[in-house]
Amino acid sequence: MRLPRSAPRPDGTPAPLAVVLFSGGLDSTVLAVHYARTHRLLLLSFDYGQRHRAPELAAGADVAAHLEAEHHTVTITGLSPLLTGCSLTDPDEQVPTLVPSDAALRSITIPNRNAFILDMAVAVATARRAEVVALGVHHTREGYPMPDGRPDFFEAYREMVRLASRGFHTPRVEAPFISMQKEDIVAYGARLGAPMHKSWTCYLDGPVHCGTCIACMTRRSAYARSATPDPTHYDREALDDASDPGLP
Numbered sequence: 052m053r054l055p056r057s058a059p060r061p062d063g064t065p066a067p068l069a070v071v072l073f074s075g076g077l078d079s080t081v082l083a084v085h086y087a088r089t090h091r092l093l094l095l096s097f098d099y100g101q102r103h104r105a106p107e108l109a110a111g112a113d114v115a116a117h118l119e120a121e122h123h124t125v126t127i128t129g130l131s132p133l134l135t136g137c138s139l140t141d142p143d144e145q146v147p148t149l150v151p152s153d154a155a156l157r158s159i160t161i162p163n164r165n166a167f168i169l170d171m172a173v174a175v176a177t178a179r180r181a182e183v184v185a186l187g188v189h190h191t192r193e194g195y196p197m198p199d200g201r202p203d204f205f206e207a208y209r210e211m212v213r214l215a216s217r218g219f220h221t222p223r224v225e226a227p228f229i230s231m232q233k234e235d236i237v238a239y240g241a242r243l244g245a246p247m248h249k250s251w252t253c254y255l256d257g258p259v260h261c262g263t264c265i266a267c268m269t270r271r272s273a274y275a276r277s278a279t280p281d282p283t284h285y286d287r288e289a290l291d292d293a294s295d296p297g298l299p
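In this text, residue positions in the sequence shown follow this note's numbering: the first is 52, and each later residue adds one.
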């Protein structure tokens, strides 16, 4: 389904610009379509040396092309060697699978990631006079496990943006899915006709989703709980071999 570009305003002026933090994952794909209804899009992807960057960035480019959206990748790979202890950036750490324990969640937490990518997105939005900067963080059954994915973080961050942008154009910072769970996002994306089948979630860089990392398990669970057919290609051999305790 090819989605139409947002229409101009009634007075003929262009639709406002939304800068969307865009990983090419399921949440950011739905988020982009959410804003495409009312805004022009500037999709920002980030290459900070994450383990799964090749398929993730490829998915982002594919979705952006599908949406006919402006898309840029910001390269900050010099950070990766410094982000030790995180399994998504440290090659000496193993990506946890199957059980979303506290230790596993800490292992996949990239310190301050939302803050540093938001800063760059806000800078772009200020320069481009965008109306809004948006990201697709959401609620989980464990609450808000990432420290910079919580409502109090965004409340404080918005105040920081206000102070940092004094005298300049100041975009709004929005997280419209923050009270939703992933199955709600899948159901909403299905209603919008979002190209979720093109998105990439897996924390590994295989040719298909592994199906057993925490990200894949959350994706599988979201489709199952939303009663939405899952079009994702998973590594069936890995799923068959895994001692799967059940979806979260």
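By construction, the Cβ of each residue, glycine as well, lies at the ideal position given by its N, Cα and C atoms.
Note that this is a predicted model, so its numbers are computed, not measured.
_Boundaries (first-last residue) of the beta strand (DSSP E) holding Val-188_ = Per DSSP, Val-188 belongs to no beta strand (DSSP E) and is neither H nor E.
*Bridge partners of Thr-124, per DSSP?*
Ser-96
*So, Ala-174 versus Lys-233, is the Cβ gap smaller than 8 Å?*
no
*Is the beta carbon of Thr-160 less than 8 Å from the beta carbon of Met-197?*
yes
_Taking 7 Å as the limit between beta carbons, can you name the residues of its chain near His-117, skipping five residues before and five after?_
Pro-246, Lys-249
*DSSP state of Ala-66 mapped onto helix, strand, coil*: coil
_Closest Cα partner of Ser-96 within the set Val-224, Ile-265, Arg-271, Glu-107_ = Glu-107
*Check Glu-225 in the structure and name its three-state DSSP category.*
strand
*Are Val-237 and Ala-172 close, meaning C-beta to C-beta below 8 Å?*
no
*Could you round the C-beta distance between Gly-244 and Asp-78 to whole angstroms and report it? I think they count as a contact, below 8 Å.*
Incorrect: roughly 16 Å between the Cβ atoms, too far for contact.
*His-220: buried (16+ other C-beta within 10 angstroms of its C-beta) or exposed?*
exposed
*What whole-angstrom Cβ distance do Leu-301 and Val-146 have, given they're in contact under 8 Å?*
Because residue 301 is not part of the residues shown, which for the chain are 52 to 299, the question remains open.
*How would you write the range of the alpha helix (DSSP H) that Ser-272 sits in, first residue to last?*
265-276
*Could you check if His-123 is buried or exposed, using at least 16 other CB atoms within 10 Å of its CB as the buried criterion?*
exposed
*Thinking just about the alpha-carbon of each residue, which of Gly-200, Gly-257, Glu-144, Pro-258 is nearest to the one in Met-231?*
Gly-200
*What does a CB cutoff of less than 8 Å around Arg-179 pick up in its chain, not counting 5 residues either side in sequence?*
Leu-68, Val-70, Leu-93
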